[in-house]
Every structure is written in C-alpha cells, then in structure tokens.
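K.L.:
In this text, residue positions in the sequence shown follow this note's numbering: the first is 9, and each later residue adds one. Please find one structure pasted underneath; my questions will follow.
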Amino acid sequence: MYRYKRNKLSEVIITVMASAIGSHQALAQEQSTLEEVTVTGIRASLERSMDIKRESSGVVDAISAEDIGKFPDTNLAESLQRITGVSINRVNGEGSEVTVRGFGPENNMVTLNGRTMPTGTSYGGGSGADGTTRSGGSRAFNFANLASENISGVEVYKTSKADIATGGIGSTINIKTMRPLDNPGFTATIGAKAVHDTTNRYNDDVTPELSGIVSWTNEEETWGAALALSHQQRDSGYSGVTVNNWNIGVWGQDDLYSQGGVPDEDKADIVNAPAEGQLYARPNDFRYAFSDTQRERLNGQLTLQFKPTDKMTATLDYTYADNDIEEHRGEITNWIQNGSNVSRVVFDDSEIATPISISENYTGTVDIGYEQQYRSQSDTLDSLGFNFEFEVNDSLTLAFDVHDSTMKSLPTGPDKSGEVAIGLGSPTVGSKTLDFSGSTPTYSFDTSVPNNALTADNVGSSILRVRGSGSTNDVTQLKFDGKWEFDNGRFDFGVESRSIEMDAYQTSGVNQTLGNWGIANPGEFPADMFRVIDVQDEFEDFNVNGSPAVGFRGDAVELTRYANTLYPGTCLCVADTNSSHDILEEETTAAYFQVALSTELGAFPANFLAGARYETTDVSSQSLVNPIPYLVWENNNDFSSGPAGATVEWSEKNSYDNLLPSLDFSLEFTEDVVGRFSYSKTIARAGYGDLRVAPGSFGTDGSTFNGATPTATSSNPSLLPLESDNLDLSLEWYYGDSSFASLGFFEKRVDNFIGIGQEEETFGILDQTNGPRVQAAAAALDDLGLATDDTNLYAMVVLMEHPEAITDNPDIFPNGVFEGTNEQLLLLGETDGWDVTPEEGDPEMVFTTSKPINNRQAKIYGAELAVQHFFGETGFGVQANYTIVRGDVGFDNLGLPTENQFALTGLSDTANLVLLYENYGIQARLAYNWRDKFLTAVNQGSSRNPRYIDEFSQIDLNVSYEVNDQLSVAFEGINITGEDIEQYNRNERMVRFMDDLGARYQVGAHYKF
9 MYRYKRNKLS EVIITVMASA IGSHQALAQE QSTLEEVTVT GIRASLERSM
59 DIKRESSGVV DAISAEDIGK FPDTNLAESL QRITGVSINR VNGEGSEVTV
109 RGFGPENNMV TLNGRTMPTG TSYGGGSGAD GTTRSGGSRA FNFANLASEN
159 ISGVEVYKTS KADIATGGIG STINIKTMRP LDNPGFTATI GAKAVHDTTN
209 RYNDDVTPEL SGIVSWTNEE ETWGAALALS HQQRDSGYSG VTVNNWNIGV
259 WGQDDLYSQG GVPDEDKADI VNAPAEGQLY ARPNDFRYAF SDTQRERLNG
309 QLTLQFKPTD KMTATLDYTY ADNDIEEHRG EITNWIQNGS NVSRVVFDDS
359 EIATPISISE NYTGTVDIGY EQQYRSQSDT LDSLGFNFEF EVNDSLTLAF
409 DVHDSTMKSL PTGPDKSGEV AIGLGSPTVG SKTLDFSGST PTYSFDTSVP
459 NNALTADNVG SSILRVRGSG STNDVTQLKF DGKWEFDNGR FDFGVESRSI
509 EMDAYQTSGV NQTLGNWGIA NPGEFPADMF RVIDVQDEFE DFNVNGSPAV
559 GFRGDAVELT RYANTLYPGT CLCVADTNSS HDILEEETTA AYFQVALSTE
609 LGAFPANFLA GARYETTDVS SQSLVNPIPY LVWENNNDFS SGPAGATVEW
659 SEKNSYDNLL PSLDFSLEFT EDVVGRFSYS KTIARAGYGD LRVAPGSFGT
709 DGSTFNGATP TATSSNPSLL PLESDNLDLS LEWYYGDSSF ASLGFFEKRV
759 DNFIGIGQEE ETFGILDQTN GPRVQAAAAA LDDLGLATDD TNLYAMVVLM
809 EHPEAITDNP DIFPNGVFEG TNEQLLLLGE TDGWDVTPEE GDPEMVFTTS
859 KPINNRQAKI YGAELAVQHF FGETGFGVQA NYTIVRGDVG FDNLGLPTEN
909 QFALTGLSDT ANLVLLYENY GIQARLAYNW RDKFLTAVNQ GSSRNPRYID
959 EFSQIDLNVS YEVNDQLSVA FEGINITGED IEQYNRNERM VRFMDDLGAR
1009 YQVGAHYKF
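Have a look at this one:
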C-alpha cells in the first residue's frame, strides 16, 4: 500500500507557505484597486473562522457552516481533524472521537451551546476480540451521534478561561446550533443524499440521507422558531485480521510454548532460537474477521426564542439524537495449542524474538473456529435547555442558563443483549502452520476431509455467549453569569452548579455449553443456515492468498435459536446477574471571575484577560456486584466464572477542590500581526470506569502450579483529576481578508497522571489449580513420563476423579492408562459435568490486583504551524498545517512483561493540506489528512503490552455546483484511496488489528427556499 512520507509532506507544506507569503505583496497592490466583494460558501466560512481566531482571547480555532444546513463535512469529527493540533479516532472508517495536542477523547470537554454534554460509549457485550466492543462509563464524546447538517459552527478552545467549564486539558470543544433570531425572516432548506459505501457486502448498496431546516421570525424580530431534522442510514463493512493477545516472556525463564514437560523426542524444533534472557513472543491465536454494519442516525433540534425588548432574550431549545447500530460479524480462528502439539517454531531477528511461523501436529484432530456474532446498540441523547439574557443597562448584562441532558447507550438485541456470540468450528484439523512472515498473517492446514474441502457438514457448535453492556449518563447544569462593561474593559463573573450521574452495567459473562469446546456434533445445522465465502475475495488490500479459501458466515441469532432446540437448558438470554453495575455521582460547584482590559503598551495595542475559577467536587461511587464464589476450570487454560452470589453493595466517597487561574495576553505588533501569550491551569477528571469501587474481572490463563498468575482489577474513587499548567506562545499574521499564517508553541506540565498500582490480594476464592489433587496428578504424570503442562494436568485431575473414563471407553484407553492422546484429552476435557471446581483443602487463590492511582507526572510540548491563503479573486485557495507533539514519557517495548508501565498515549504529529476552489458556482475541496504512528493503549493483556496505531493518511474530495441561488448539487468522496488502519503490539510483526477499509461516496442536492 502506498504511504505518504512525512518528510515529503513537510516539504510540500513549506513550499506552499513560502509561495503564499511570497505572493502577498504583489497581491496586496492588486487588491487595493478592487471593489469590496461579498463572499459566500467555502471562502465565507473560512473568513468567519479566521475572524473568530483573530478576535478571541487565547488560542481558539473554529469551523463555521457555509450556509444554513451546509456544514463543511458530513461528520463533525472529520471536520475537526483539519484544525491544527486535532486528530481523530475512527470506527468502521468514520470519525468518532477527537484527540487534541496529544490528549485523548476522555481529556477533552465537549459542550453543546456552552453546556456540558453527557456521554455514552457502550457497545456489544463489553468485551471482544476485535477491540470495538466497550463497556459503559467513558467520558469521551462520540461525534458520530450528531449529524453535521444541524450545526452552525464548532469552536475549539486550546487555552482555557475562567468562564469555560472544566474537564478538558487538551481542549474544550463547543458545538453551536442555529438560533432563529440570528437569521431574521423565513428560511427553509432541504437536503438529500445518496450514499454508497464501497465496503458494503450484503446490505443496501445505496442508502439515503435526508435533512431539513425551517427558521422563522416575526417582522418585529421578537419571536423566533427553528426546527432542524435529519435522518441518515449507512451500510458498511470491513474485513480484518486480529490476534487476541501476544504473550511475552524471557527465554530461559518463561515457557510460553509449554515445552518444559515434553519428552526430548517430542519437543518442538526451534529455529533461530532467542538468546538466553532475551524477550520472545507467542500469539494466542490469529483470526480473520468479517463485519457488516447498518447504522441509522436520527437528529432533531427545536429552538424557540422570545425577545420582547432589545434588552431581553429568552431561548428554549431541545436536542434529540439517536444513533442505532446493528452488526453481523464472523470469524475464522486458529488457536495455538502448545505443549507436545508444537512441532516447529521459527523466530525472526528482532530485539523481541517474534515467530515467523509456528507449526503444530496433533495425534488426533482439533478445530478451526468459525464463531458468528451479532451486536446491537442504541445511543440516545435528550437535552432540554433554557437561557435568559437580560441587559440591565448599558454596562451590566446578566444571563441565566439551565439544562437537563441524558445520554442512554443501551443494548437492543434479543433479551436486551448487546452481543450474541455462538462458537462454531470444524474439528477436523490434524496439523497447521501459522505464518507471520509477510505483511499479513496467513495459515495452512491439513484436515481429515479429502482435499481439505470443508462444508457445513463439518461444522458444529461449541460455546454460546449472550451478553449486554449499557450506560445512562445524566447531566443537570445551572449557570448564572454576569458581564459589567467599562471603559476599555469588562468584568465577568458567575457561579455554576453541575450534577453528573453515570449508571453503567455489564451482564455476567456466562458460557452456555452447546457442543462444547471439542465440537461434539459436526453437521448439526442445516446447510442453508451458512453462507460459504471465498476468504481471499473478502480482502481488498491484504494478501491472504496463502490461507485456505473456504470460510462460513451465518446469522448468529438464528443459529442460536436453532441450537437452543438441540441443547435443552440453553437460551437466547442474558444472565440475570451483572459482572459489574456501577453508579457514580459527581456534584460540582464553581465560581469564577475574569477581567478584560484593552490598552496600549508603547505604540502597540494590547489586550489582557485574567481570571480564576474555583471548584469543589463531591464524588460518590457505588457498585452493586454479584460476587463469584470460585472459578470453574473447564480445560487446560479455559476458565469461567462460577455461579454469581447475592448482590453486595460497595460504596465510597471522595471530595476535592481546585483553584484554576488563567491569563491571556495579546499584542498587535502591526494592524495585521498579533502575538499571544497564555497561561492557565486546567483539569481533566478520571474516567468513570476508573472511579468504580468494587473489584472484578477475576481470571487466570492457566494453573498456578505451572506459574500462571491469577489477575483481578479494582478501581479507585479517590482518584484526583489530572492537573496541568499550560503555556502557549503564538504569532499570527493576517495579511488578507481570507488569508493568514500562524506559528505557535505549547507546553503542558501535568500532575496526577494515572498509573497502575498492584497488590497481591485474596477474595475468598479457592485455587483448585494448585491443591492436593493437582499435586497428585503431577506426580502421576511424572511416573508415566508425561509432561505436566496444563493440558495433561487438567486431564489427569479429571481422570483421578472419574476413573470410569477408562473402564467405559476401552477403545480410547486400549492400554488401560492415560497416555495423553488427543482422543483421551478430548474425552476428559469436554465431558459435561467433569469440570474441576475447588474443594476443601485447596489454598486460597492469590490475585494480582491492578488498581489506578495518581502517581505520575509528565510534560507534553509541541508546535503548530498553519497557513490559509486565497490567490486573489482566482477562486483558488490553500490550507496547510503541521503539528508536532512530544512527551517526556514513552513506552519501553523491551520492558519486562511482568511490570506495568506508564506512558503518554495519543501523541503524534499530524498534518493537513487542503486545496480549495470556489468560482462560477463551483466549489471544490481536496483534503489530505495525515497522522503519524502513535501509542493508543498500554499494559494490555497478561503481558502488559503497548498497542500502536500505524501512520494513517486519508484523502477526501468535495465538489458542489450552484445551479441557481436556491439549488446546489454536490459530490463527496471520503477516503477515496481506500486507506486501511493497522495496529500492533511491541513490534510491527505482532499484529493486533488490521482493518481493510474502503471509500465512501455521496451524491446530493441542497435546496434553499
């Protein structure tokens, strides 16, 4: 895949800026002789945004609608990414969340008309192999919930002021909606688009988008009403590659491939073995995934305004946004079996020895997985607000604002499930090789089926999971503001009360046994319930030609309903208990003041804005949990939670306060050149998930006898907010009505960063993996000369408890003893009722419990360079910007897998280059966006891995034509080169996620009455 290089892009931007600035003087002479021209469309939008930047205190960037109902991009996040210092996260190729100056989505405050908005980001069952499922409780705002047609503008405050709501260290982003009194008279628009997503496979190739706005005021402009509605559908998909987890160990100390107990003659052939003490890797598996998604978004906004006199304005507004997502997903999964099954491992020469290939041979057969999943979720925002502004006299203005807003992110699948995952597989594989040598992992296998020609008759069920995850976030906010104007300045003051409640839950992850892990009944489903796919045809950009071509897709819900008829006692239902249910309440009271002065320093006009904000916050965290009495050992490294107990309540409270000063100073060196200096102290509160109180996520990936470490998690309601001292210095040159260049530097020194603390704790859960039965089983295996790996260990424990396995199955035990054959392991590992649970005499299981704590400091710094230039009245223009972000704490990829690390996530350089044309009724914009590689997560999985997202670039095209003053038609292409997203762990061979994405095209019309 072609990738743009940063150094080339830098040269292009520098060249463009030099030519733009160099042409200024020649253009200035020409412009002085021109009559003043009223501009519209793209240029007018950019002029308004430039004026906001120029006239604001501090560092502010903005985006303005070109006209009523015409925002520059279909998606708000994709518009924001063109602002200097802003980058975005994408889900299924669509912008969703923003990162500003290296601070991720949870550290940016998003407001709607100045009001704090609730958030909701639950999806699926709260866990999943593809990284898109989420449990509830994030502070991150999902911009995909809002349609852009109803938005009049967006302001990004990169520096803080005393009158801005706290919570955004990276930025505060204010979304503005239309006000009827700002558009006197009657105005109405209607828009329609036909959308084609090239990644769509099975749903509609063309989907509709409809929008309409009506705005009215009476002749006296004392009454006004506006209604905006939009409805959008999008059908899309992606094909991907995932690895569930990369295990990291130290060669000579950690036995990741379980070779220690294997007889020498059966040990794996290790090619290019790591050096003693070198870190090395083993994947748990790798999977191909195929996803098809339908999204329906409905937005509505009603605004009523009353202005009985020039001194009073009352505004009542209601915002509704509903975003419904339905996803069908299928996988092809290859698990690593370990132990004597591993026949050959070839390592590469990287610093962390990573396998190029892994080969396994089985004495019997194992399965290849074809799990099918269904996910369904609805995000619904309701926001009702009232604002009253009263100009008491020529000097004093008072304003009162109150709103109540709720975001519900709830599952909408059967029985209120968010994810239905039915395990399927074909237990026919006698040997396989996983190949990581190329840019895309591939696999090969030999099966018991002639020519490896698998059909639906070879596929059966294993385990069923039905789960749900949801959240409800309520925000009630009341503000009283005052502004007293005097000669050359003003005094602002105000108080605020804000109440936030987050109620998030995740249902218990109960596994329902169908054909069990061994796939007991291949061929149990009618063949017409499966769609046979050509795997190689499903990928556009990733070469998987080395892998078998056959895969299977099916409807997870229909397959589950059919399986329920085959396996009594199973159901298409979520558990009646929750693995977590957390209720967090935050009560914040604030008071602020700030003073603005306009004066002169020598011959230079100067502006000062200085103030302070004081806040007190009370936190109450409550968790309602159903504690598990034990873990169920189901097979070698397979564990599940035991039956949940009665509900237990945990609760904890905390309080803190913050004094947040701010100072903005600007100096006009000339009429066109402005210098700025800003200092502020800002905070960002811990994520809701970090503030829960109860422990959870109990689990282990093996026996403690063989060194596995049981883990648990706990949160910390006593966490303090991140607190940052921010410095900004910038120089801006406004050398034309629509042209400017700017250079800025910033630094943020942050205290109270959240690190991870660990404690060894017991919770009354007994450990059956290292008790007397396991000790006896290990001794018996030693006597037989067999490995004591978890596979054999589990089987021997079961056999010692169920000796009838030998007498009842002489064909499987021809010599009357355990020999470790696959048939014996399958019988002992998959027979219902033979799971191993704790008993009296087993020791308590000791869990390494991870807990967030405020124990880190860090510095983030960088520079922002931007230019916007229009070439006279030719209609041509250009925007270009480049942002450098650096931090003093990175992730050490060679760090031990047993130790958590603290590192700054989200830091990356970004760049934009936008070519513009607007003349003769034609508007065109070709936009290139680039983001460098960045760290997106740390301490992932049992090996505490980092996760990086590789550099990514995207080209978007928008062309429109004004047929007349009322009608315009447009064409839009998003990601027209079909760029993909790739993620990896400690090196690029450790693939974590690879998403094969594509372009999206839209054709539409906009009519203004």
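Where is the CB? At the ideal position from N, CA and C, for every residue including glycine. All figures in this text were calculated on a predicted structure; none of them were measured in a lab.
Return helix, strand or coil for Q962, following the three-state DSSP convention.
P.N.:
Position 954 of the sequence shown, counted from the start, is the residue given in the question as residue 962. Correct three-state label for Q962: strand.
K.L.:
Would you list the one or two residues that DSSP bridges to E987?
P.N.:
Within the sequence shown, the letter at position 979 stands for residue 987. Looking at the DSSP assignment, E987 forms no beta bridge with any residue, so it has no partner.
K.L.:
Any idea if T585 is buried or exposed, counting beta-carbon neighbours within 10 angstroms, 16 or more meaning buried?
P.N.:
Here residue 585 refers to the residue found at position 577 when the sequence shown is read from its first residue. By the neighbour-count rule (16 or more Cβ atoms within 10 Å), T585 is buried.
K.L.:
Quick check on DSSP: helix, strand or coil for N519?
P.N.:
Here residue 519 refers to the residue found at position 511 when the sequence shown is read from its first residue. N519 falls in the strand class under three-state DSSP.
K.L.:
From V886, R939, A866, E642, pick the residue whose C-alpha is nearest to that of N734; which is it?
P.N.:
Translated into the one-based positions of the sequence shown, residue 734 becomes position 726. Considering only alpha carbons, the answer is A866.
K.L.:
On the criterion of 16 or more Cβ atoms from any shown chain inside 10 Å, does L609 qualify as buried, or is it exposed?
P.N.:
Residue 609 sits at position 601 when you count from the first residue of the sequence shown. The residue in question, L609, is exposed, as its Cβ has fewer than 16 Cβ neighbours within 10 Å.
K.L.:
Got a sec? Which residues, its chain only, sit under 6 Å from L310 by beta carbon, not counting five neighbours each side?
P.N.:
Residue 310 sits at position 302 when you count from the first residue of the sequence shown. So the list reads L235, Y326, once near-sequence residues are dropped.
K.L.:
Of the residues N529, F884, I278, D402, which one's Cα is nearest the Cα of M320?
P.N.:
Counted from its first residue, the sequence shown places residue 320 at position 312. Of N529, F884, I278, D402, the residue nearest in Cα terms is D402.
K.L.:
Alpha carbon to alpha carbon, what distance is there between L218 and K1016?
P.N.:
Indexing the sequence shown from 1 puts residue 1016 at position 1008. Indexing the sequence shown from 1 puts residue 218 at position 210. Rounded to the nearest angstrom, the two C-alpha atoms are 14 Å apart.
K.L.:
Near D323, what residues of its chain come up, given a Cβ to Cβ distance below 6 Å and the 5 sequence neighbours on each side ignored?
P.N.:
Taking the sequence shown and counting its residues from 1, one reaches residue 323 at position 315. In the sequence as presented, Asp is not what sits at residue 323; that position holds Thr. Here the set comprises Q313, N395.
K.L.:
If I measure Cβ to Cβ from R894 and keep anything under 8 Å in the same chain, skipping five residues before and after, which residues do I get?
P.N.:
Stepping through the sequence shown from its first residue, residue 894 is reached at position 886. Result list for R894: I868, Y869, G870, L915, in chain order.
K.L.:
In chain order, what residues of the same chain lie with their CB nearer than 6 Å to the CB of T573, ignoring the 5 residues before and after it?
P.N.:
On the sequence shown, residue 573 is found 565 positions in, with the first residue counted as 1. Excluding positions up to five away in sequence, the list is empty.
K.L.:
To which residues does DSSP link M320 through a beta bridge?
P.N.:
If you number the sequence shown from 1, residue 320 lands on position 312. T317, F398, per the DSSP bridge assignment.
K.L.:
Per DSSP, what kind of secondary structure is I60 in: helix, strand or coil?
P.N.:
Locating residue 60 in the sequence shown gives position 52, where the first residue counts as 1. In the structure shown, I60 sits in a helix (DSSP, three-state: H, G or I).
K.L.:
What are the start and end residues of the beta strand (DSSP E) that includes T197?
P.N.:
Your numbering for residue 197 matches position 189 in the sequence shown. That run of the beta strand (DSSP E) goes 194-205.
K.L.:
Kindly list the residues whose CB is nearer than 7 Å to the CB of G245, restricted to its own chain and excluding five residues on each side of it in sequence; keep chain order.
P.N.:
Taking the sequence shown and counting its residues from 1, the one referred to as residue 245 is at position 237. Closer than 7 Å at Cβ, skipping near neighbours: T207, N208, R209, S299, D300, T301.
K.L.:
The beta strand (DSSP E) with V565 in it runs from where to where?
P.N.:
Taking the first residue of the sequence shown as position 1, residue 565 is located at position 557. Premise fails: V565 lies in the alpha helix (DSSP H), 564-574, not in any beta strand (DSSP E).
K.L.:
Take every Cβ of the segment 58-67, pair it with every Cβ of the segment 737-749, and state whether three or more of those distances are shorter than 8 Å.
P.N.:
The segment 58-67, when compared against the segment 737-749, does touch it at the 8 Å Cβ threshold.
K.L.:
Of all the options I50, T521, D646, A611, which has the alpha carbon lying nearest to the alpha carbon of E568?
P.N.:
Position 560 of the sequence shown, counted from the first residue, corresponds to residue 568. The amino acid occupying residue 568 in the given sequence is Thr; Glu does not appear at that position. Ranking I50, T521, D646, A611 by Cα distance to T568 puts T521 first.
K.L.:
Rounded to the nearest angstrom, what separates Y12 and A888 at their Cα positions?
P.N.:
Taking the sequence shown and counting its residues from 1, the one referred to as residue 12 is at position 4. Taking the sequence shown and counting its residues from 1, the one referred to as residue 888 is at position 880. Its pLDDT being 35, under 50, Y12 is placed unreliably by the model, and nothing is read from it.
K.L.:
Strictly by DSSP, which residues pair up with S750?
P.N.:
Here residue 750 refers to the residue found at position 742 when the sequence shown is read from its first residue. E740, A874.
K.L.:
What did DSSP end up calling A702 once you bin it into helix, strand or coil?
P.N.:
Taking the sequence shown and counting its residues from 1, the one referred to as residue 702 is at position 694. Reduced to three states, the DSSP call for A702 is coil.
K.L.:
Is N524 closer than 8 Å to E838 when the C-beta atoms are compared?
P.N.:
As a first step, residue 838 is located in the sequence shown; it is residue number 830 there, counting from the start. As a first step, residue 524 is located in the sequence shown; it is residue number 516 there, counting from the start. Cβ distance < 8 Å, so E838 and N524 count as in contact.
K.L.:
Less than 8 Å separating the beta-carbons of L774 and D850?
P.N.:
The residue you call residue 774 lines up with position 766 of the sequence shown. The residue you call residue 850 lines up with position 842 of the sequence shown. Yes, the pair counts as a contact, with Cβ atoms nearer than the cut-off.
K.L.:
Counting only the same chain and skipping the five closest in sequence on each side, list residues whose C-beta sits under 6 Å from that of S266.
P.N.:
Taking the first residue of the sequence shown as 1, we reach residue 266 at position 258. Result list for S266: N346, G347, D797, in chain order.
K.L.:
Once the 5 residues before and after A276 are set aside, which same chain residues still bring their CB inside 7 Å of it?
P.N.:
Here residue 276 refers to the residue found at position 268 when the sequence shown is read from its first residue. Cβ neighbours of A276 beyond the five flanking positions: Y265, Q267, V350, S351, R352, V353.
K.L.:
Please classify L472 as buried or exposed, where buried requires at least 16 other C-beta atoms within 10 Å of its C-beta.
P.N.:
What you label residue 472 is simply residue 464 of the sequence shown in a count that begins at 1. That one is buried.
K.L.:
Should Q261 be labelled buried (16 or more other beta-carbon atoms within 10 Å of its own) or exposed?
P.N.:
Start at 1 with the first residue of the sequence shown, and residue 261 comes out as number 253. By the 10 Å Cβ count, Q261 comes out exposed.
K.L.:
Report the CB separation of A6 from I96 in whole angstroms; it is logged as a contact under 8 Å.
P.N.:
The structure shown does not extend to residue 6, since the chain spans only 9 to 1017, so no value can be given for it.
K.L.:
Say whether the segment 590-607 touches the segment 531-550, bearing in mind that this needs 3 or more beta-carbon pairs closer than 8 Å, one atom from each stretch.
P.N.:
As far as the Cβ criterion goes, the segment 590-607 does not touch the segment 531-550, which means the pair count is below three.
K.L.:
For a test of the three-state rule: what should DSSP assign to Y869, helix, strand or coil?
P.N.:
On the sequence shown, residue 869 is found 861 positions in, with the first residue counted as 1. Strand at Y869.
K.L.:
Suppose the cutoff is 6 Å on Cβ atoms and the five residues either side in sequence are ignored; what does the same chain contact list for D423 look like?
P.N.:
The residue you call residue 423 lines up with position 415 of the sequence shown. Taken in chain order, the residues that qualify are C581, V582.
K.L.:
Answer with buried or exposed for N150, where buried requires no fewer than 16 other C-beta atoms within 10 angstroms of its C-beta.
P.N.:
Within the sequence shown, residue 150 is the residue found at index 142, counting from 1. The residue in question, N150, is buried, as its Cβ has 16 or more Cβ neighbours within 10 Å.
K.L.:
Taking the Cβ atom as the reference point for each residue, do M853 and T770 lie within a distance shorter than 8 Å?
P.N.:
Counted from its first residue, the sequence shown places residue 853 at position 845. Counted from its first residue, the sequence shown places residue 770 at position 762. Yes, the pair counts as a contact, with Cβ atoms nearer than the cut-off.
K.L.:
Since I1018 is in the alpha helix (DSSP H), which residue starts that stretch and which ends it?
P.N.:
The structure shown does not extend to residue 1018, since the chain is modelled only from 9 through 1017, so no value can be given for it.
K.L.:
Measure the C-alpha to C-alpha separation of T625 and F294 and round it to an integer number of angstroms.
P.N.:
The residue given as residue 625 occupies position 617 in the sequence shown. The residue given as residue 294 occupies position 286 in the sequence shown. Cα to Cα, the separation comes out at about 46 Å.
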